[in-house]
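Report on the structure given below.
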């Protein structure tokens with residue numbers, strides 16, 4: 006991680022779960038970290054729980070990544086205040102308790118796509134433009150995907166609805182962005198990390214009824230994977246990393 010010391014990482018969905026774990030891990034390893042989330046109070050609580058030297062390198066900004074203008078304003082602030090971001094962890098994602106064939110759920114389905122797909126798109130675009138303006142050529146974009154972005158299992162008590170299609174879109178988006186980075190003559194890297202079941206608040210939001218004994222990953226396991234992926238040598242790019250807890254059946 007030496008080459009990332011005092012460089013800036015942006016983490017979306019930083020108020021809990023994987024995003025919060027990534028913030029704690031990256032700032033502990035010497036990076037300047039900007040945590041983005043809609044719940045600003047949770048970001049302040051995260052900062053308050055850090056050791057003083059790490060807290061001084063942690064910055065928080067309220068930002069709904071599905072709102073293009075908020076994303077633009079946030080990355081402009083990062084450029085002006087911190088000199089621009091070199092690492093982006095696209096973690097923000099939502100689920101809703103619905104099925105695609107239900108009546109009156111258009112707002113929920115649209116929200117999933119706007120956050121899980123367009124949010125990643127807006128943040129990555131603004132990050133890329135900043136890198137280009139600053140003539141930085143070793144940026145790294147990480148996308149927190151899911152195993153259901155590659156295959157959709159049938160699970161009792163779980164309605165994947167628009168969540169699984171949004172993650173399939175992210176799988177394709179990762180490859181499209183990799184190709185664009187190459188075609189534009191850069192050496193920026195992009196990595197999709199696809200976890201299995203992770204013990205986070207997202208299951209409460211989706212009202213998914215998972216078996217109590219089901220093996221689960223910890224948020225810290227995914228944060229470890231993020232650090233592993235961004236510290237590879239310049240000629241190595243981990244394009245897709247799948248992580249499952251031991252004993253997971255899907």
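Residue numbers (the working numbering): 6 to 255. Backbone N, C-alpha and C fix where the C-beta goes; we use that ideal spot for every residue, glycine too. These numbers come from a predicted model, not from an experiment.
**Prompt:** Out of 155, 78 and 130, which has the shortest C-alpha to C-alpha gap to residue 1?
**Reply:** A question about residue 1 goes unanswered here, because the residues of the chain that appear run from 6 up to 255.
**Asked** How many Å lie between residue 211 and residue 47 at the Cα?
**Response** Bear in mind that a pLDDT of 48 at residue 211, under 50, signals an unreliable position, so the model cannot answer this.
**Asked** So is residue 105 buried or exposed if we call it buried at 16+ other beta carbons inside 10 Å?
**Response** When all chains shown are included, residue 105 counts as exposed.
**Prompt:** Does DSSP put residue 247 in a helix, in a strand, or in coil?
**Reply:** In the structure shown, residue 247 adopts extended strand secondary structure according to DSSP, grouped into three states.
**Request:** Note down the Cα distance separating residue 45 from residue 245, rounded to an integer number of angstroms.
**Result:** For residue 45 and residue 245, the distance between alpha carbons rounds to 31 Å.
**Asked** With a CB to CB cut of under 6 Å and the five nearest residues on each side skipped, what residues in its chain are close to residue 113?
**Response** Within the same chain, residue 113 has close Cβ partners 101 and 103.
**Message:** Pop quiz: residue 121 and residue 89 are said to be a contact at Cβ under 8 Å. What is the actual Cβ separation, rounded to whole angstroms?
**Reply:** The pair is not a contact, with the Cβ atoms about 25 Å apart (cut-off 8 Å).
**Item:** 8 Å Cβ cutoff met for residue 195 and residue 150
**Value:** Contact flag unset, no.
**Asked** Residues in its own chain within less than 7 Å of residue 219 by CB, not counting five upstream and five downstream?
**Response** Hits under 7 Å: 202.
**Request:** Could you have a look at residue 71 and say whether DSSP puts it in helix, strand or coil?
**Result:** DSSP places residue 71 in coil when its eight states are reduced to three.
**Request:** Return the chain-ordered list of same chain residues with a C-beta closer than 7 Å to the C-beta of residue 32, the five sequence neighbours on each side being excluded.
**Result:** Taken in chain order, the residues that qualify are 38, 55, 59, 62 and 63.
**Prompt:** By a C-beta neighbour count over all protein chains shown, 10 Å radius and 16 as the cutoff for buried, is residue 158 buried or exposed?
**Reply:** Exposed, since its Cβ has fewer than 16 Cβ neighbours within 10 Å.
**Message:** residue 248 and residue 200 - do their beta-carbons sit closer together than 8 Å?
**Reply:** In contact: residue 200 and residue 248 (Cβ atoms closer than 8 Å).
**Request:** Kindly list the residues whose CB is nearer than 6 Å to the CB of residue 166, restricted to its own chain and excluding five residues on each side of it in sequence; keep chain order.
**Result:** Its chain contains 103, 104 and 105 as the residues whose beta carbon lies nearer than 6 Å to that of residue 166, once the 5 sequence neighbours on both sides are disregarded; these appear in chain order.
**Backbone secondary structure at residue 194 - three-state DSSP** = Strand, per DSSP.
**Asked** Should residue 24 and residue 53 be called a contact, given that it needs their Cβ atoms to be closer than 8 Å?
**Response** Their beta carbons are not under 8 Å apart, which means residue 24 does not touch residue 53 by this criterion.
**Nearest-angstrom Cα separation, counted from residue 153 out to residue 161** = Residue 153 has its alpha-carbon roughly 15 Å from the corresponding atom of residue 161.
**8 Å Cβ cutoff met for residue 26 and residue 92** = With respect to residue 92, residue 26 sits apart: the two C-beta atoms are not nearer than 8 Å.
**Asked** Do you know offhand how far residue 21's Cα is from residue 67's?
**Response** Whole-angstrom Cα-Cα distance: 14 Å.
**Request:** Per DSSP, which residues does residue 145 bridge with? Please list them.
**Result:** Answer is 92 and 194.
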